[in-house]
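Okay, so here's the structure we're looking at.
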Amino acid sequence: MTGLIDVGGGMRDIYGAGALDYFLDNNISFDVCIGVSAGSANIASFLAGQRGRTYSFYAEYAKRKEYMSFSNLFRNGSYFDLDYIYSFLSNEDGEYPIDFKTLSENTSAYYIVVTDAKTGEPVYLPKHIITKNNLWALKASCAMPVACQPISRDDGIYFDGGVSDPIPVQKALELGCDKVYVIIPRPATKKNREFSSFMKPFLSKYPHVLNLMKRRPEIYNNQLQTLEHYIKKGQVVLIAPDNDYDVNMMTRDSRKLDNFYKKGYDDAKKAFESQL
Numbered sequence: 067m068t069g070l071i072d073v074g075g076g077m078r079d080i081y082g083a084g085a086l087d088y089f090l091d092n093n094i095s096f097d098v099c100i101g102v103s104a105g106s107a108n109i110a111s112f113l114a115g116q117r118g119r120t121y122s123f124y125a126e127y128a129k130r131k132e133y134m135s136f137s138n139l140f141r142n143g144s145y146f147d148l149d150y151i152y153s154f155l156s157n158e159d160g161e162y163p164i165d166f167k168t169l170s171e172n173t174s175a176y177y178i179v180v181t182d183a184k185t186g187e188p189v190y191l192p193k194h195i196i197t198k199n200n201l202w203a204l205k206a207s208c209a210m211p212v213a214c215q216p217i218s219r220d221d222g223i224y225f226d227g228g229v230s231d232p233i234p235v236q237k238a239l240e241l242g243c244d245k246v247y248v249i250i251p252r253p254a255t256k257k258n259r260e261f262s263s264f265m266k267p268f269l270s271k272y273p274h275v276l277n278l279m280k281r282r283p284e285i286y287n288n289q290l291q292t293l294e295h296y297i298k299k300g301q302v303v304l305i306a307p308d309n310d311y312d313v314n315m316m317t318r319d320s321r322k323l324d325n326f327y328k329k330g331y332d333d334a335k336k337a338f339e340s341q342l
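Sequential numbering from 67 applies to the sequence shown in the working numbering.
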């Protein structure tokens, strides 16, 4: 079985949107798809067959203050308004609805990675957890601590999946994949960012998540090492840029975003053709 992982990364994952549009343009499908953070939304549109949909969200809608802004942060405690993105824009009466029928009928397995706020453990939500006009799982997968409030459900409280399992290659292999394409919208190099103590008061109710944030570079770097191991074994194909092209999690510059999208498209083409 072939697998696909998009690890997300805020606005920089327009790179992943480009990669997935290459796959759509060439009728390339995967048996198992795993999305983390913004990558979960990218893959939802990919499985719904909606070429260019995620490009619109990054390059157009993200310029709106309703999408992301400090006014959102002061109003509802979230810099990214996940309700605006995944309800107002994405519901059937929204500006750019997800094609829920096509998504639900797609035969590919689809897992959305979230982090249990109470335990700090990763949870892999299956596709059927998404229902029409209720994309709560995508909101949960994108709820980065501090930048967003956690998403509450009857069965728990959830944060961004990248906090607990940023590069879920091991999960894809456990699900039976023998080859996995992994999209990382940044150079595949170690993280060295130190924990900022200003996060403590925001996460005082979630000590396990706070601990994960403290250990974030360590967790990411360990998973990067695992990724490299499987690349050498020929089980993983990496799609990642050679540098960040001055695009970060909150970039809104149209030219930079468009170039990064095209870079993702071209890199996916090269990676896939290298396996032929």
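Each residue gets a CB set at the ideal place from its N, CA and C atoms; glycine is no exception.
Under 7 Å between C-beta atoms of residue i and residue j
i           : j           : result
residue 283 : residue 266 : no
residue 79  : residue 101 : no
residue 92  : residue 158 : no
residue 120 : residue 106 : no
residue 349 : residue 181 : Outside the shown range of the chain (67 to 342) lies residue 349, about which nothing can therefore be said.
residue 152 : residue 204 : yes
Delimiting residues of the alpha helix (DSSP H) encompassing residue i
i           : result
residue 292 : 282-298
residue 87  : 80-91
residue 145 : Element bounds for residue 145: n/a, residue is neither H nor E.
residue 225 : Note, residue 225: premise wrong, no alpha helix (DSSP H); beta strand (DSSP E) at 222-226.
residue 122 : 119-125
residue 204 : 202-207
Inter-residue spacing [alpha-carbon to alpha-carbon] between residue i and residue j
i           : j           : result
residue 341 : residue 67  : 15 Å
residue 252 : residue 211 : 20 Å
residue 239 : residue 246 : 8 Å
residue 126 : residue 299 : 40 Å
residue 331 : residue 241 : 27 Å
residue 234 : residue 254 : 14 Å
residue 315 : residue 278 : 19 Å
residue 323 : residue 82  : 11 Å
residue 109 : residue 88  : 13 Å
residue 184 : residue 339 : 43 Å
residue 150 : residue 131 : 10 Å
residue 275 : residue 269 : 7 Å
residue 133 : residue 318 : 11 Å
residue 335 : residue 223 : 38 Å
residue 113 : residue 140 : 35 Å
Segment limits, beta strand (DSSP E) that includes residue i
i           : result
residue 101 : 98-102
residue 344 : Outside the shown range of the chain, which is 67 to 342, sits residue 344, and nothing can be said about it.
residue 245 : 245-249
residue 175 : 175-182
residue 153 : Neither: residue 153 is in no beta strand (DSSP E) and is coded neither H nor E.
residue 169 : Premise fails: residue 169 lies in the alpha helix (DSSP H), 166-171, not in any beta strand (DSSP E).
residue 342 : It is not in any beta strand (DSSP E) - residue 342 carries neither H nor E in the DSSP assignment.
residue 304 : 302-305
Per-residue burial, residue i [other beta carbons within 10 Å of its own, 16 or more giving buried]
i           : result
residue 186 : buried
residue 84  : buried
residue 291 : exposed
residue 147 : buried
residue 143 : exposed
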